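**Q**
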Amino acid sequence: MSLKILLWGTGSQARLIAAMIKEQQLGEIVGVFDEASDDIFPETGHIPLQTVEELHALVQQVTHFSIGVGGHYGFARHMIANTLRRQGLTGLDVIHSTAYLDPSCELGDGLLVMPSVTVNKFVEIGPDTTLNTGATIDHESRIGAGCHIMGAAALAGRVTIEDFVTIGTNATILPDVTIGRGAYVGAGAVVTRDVGENMVVAGVPAKPIKEASHPVRDAILTALDTQSSETRPLT
1 MSLKILLWGT GSQARLIAAM IKEQQLGEIV GVFDEASDDI FPETGHIPLQ TVEELHALVQ
61 QVTHFSIGVG GHYGFARHMI ANTLRRQGLT GLDVIHSTAY LDPSCELGDG LLVMPSVTVN
121 KFVEIGPDTT LNTGATIDHE SRIGAGCHIM GAAALAGRVT IEDFVTIGTN ATILPDVTIG
181 RGAYVGAGAV VTRDVGENMV VAGVPAKPIK EASHPVRDAI LTALDTQSSE TRPLT
């Protein structure tokens, strides 16, 4: 039976996801949700749904979801995904046919794995994480939820990437290094020592630049606090 899929978003990430779903015949995209766009989504021809009521109706028609939120917005991606999980949906793993993930790996759902990614033995990857084009993850590494390992980034063995971390394009993380929750590693950086939570590092070797700001995360947390006494699902 073909999977029925909700696609969240209409930007570049969503277009790539839609194309991969179609190419690999993973299922049918029943509807697209994007409250910020009413332009026809070119990959499927859908007019994006924009209201909570429309989203409620769509959730009743689908079994799986994929979140087209890229960049360094891993926290937002994970929070949206968890909202949909609470409605009984399952995160769709969208994995390109040229990617290699060793069978020994432990994988969360809602993953997006782009072409030519290599994941070696005994790796753990949390839900709602993106491994972008050509990234390599070596043995026994651990990657948390809502992370983005950008194109051609290389993680050596036994690296730990905590939740909501962004590793920039072509960055290298040396063995046994830990990157703290919410940190950002700049493009081309070589990380030789642990990075603290919410730190931005760059350079060769990588050095701290500043503490990362997370306006989207902060806005989501504020909204959740505001709604904590209300009963409005899917918001």
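Under the UniProt record's numbering, the residues of the sequence shown are numbered 1 to 235, in order.
Backbone N, C-alpha and C define an ideal beta-carbon position, used for all residues, glycine too.
All values reported here derive from a predicted model rather than from experimental measurement.
Assuming Ala202 and Gly182 are in contact, meaning their beta carbons sit under 8 Å apart, how far apart are those beta carbons, in whole angstroms?
**A** Between Gly182 and Ala202 the Cβ distance is about 16 Å, and since that is not below 8 Å, they are no contact.
**Q** Can you list, in chain order, the residues of its chain with a C-beta nearer than 8 Å to that of Leu92? Leave out the 5 residues immediately preceding and following it.
**A** Closer than 8 Å at Cβ, skipping near neighbours: Leu3, Ile5, Ile21, Leu26, Gly27, His64, Phe65, Ser66, Asp109, Gly110.
**Q** Going by DSSP, which residues form a beta bridge with Ile209?
**A** According to DSSP, Ile209 bridges with nothing at all.
**Q** What does DSSP give as the partner residues of Ile29 in its beta bridges?
**A** For Ile29, which the question treats as bridged, DSSP gives the partners Ile5.
**Q** Ordered along the chain, which non-local residues of its own chain (more than five positions away) have a Cβ less than 8 Å from that of Pro127?
**A** Answer for Pro127: His78, Ala81, Gly91, Gly108, Asp109, Gly110, Leu111, Ala145, Gly146, listed in chain order.
**Q** Name the two residues that bound the continuous alpha helix (DSSP H) containing Phe75.
**A** Segment 74-85, the alpha helix (DSSP H) holding Phe75.
**Q** Identify whether Glu53 lies in helix, strand or coil by the three-state DSSP scheme.
**A** Reduced to three states, the DSSP call for Glu53 is helix.
**Q** Going by DSSP, what residue range makes up the beta strand (DSSP E) through Ser66?
**A** Where Ser66 is concerned, the enclosing beta strand (DSSP E) stretches over 64-67.
**Q** At which residues does the beta strand (DSSP E) containing Ala202 begin and terminate?
**A** From DSSP, the beta strand (DSSP E) with Ala202 extends over 199-202.
**Q** Could you tell me whether the Cβ atoms of Val62 and Gln13 are closer together than 8 Å?
**A** In this structure, Gln13 does not lie closer than 8 Å to Val62 by Cβ.
**Q** Could you name the residues that DSSP lists as bridge partners for Glu106?
**A** Its beta-bridge partners are Glu124.
**Q** Going by CA-CA distance only, name the one from Phe164, Asp163, Gly186 that's closest to Ile173.
**A** Nearest of Phe164, Asp163, Gly186 to Ile173, Cα basis: Gly186.
**Q** For Thr160, which residues does DSSP report across the bridge?
**A** Arg142, Thr178.
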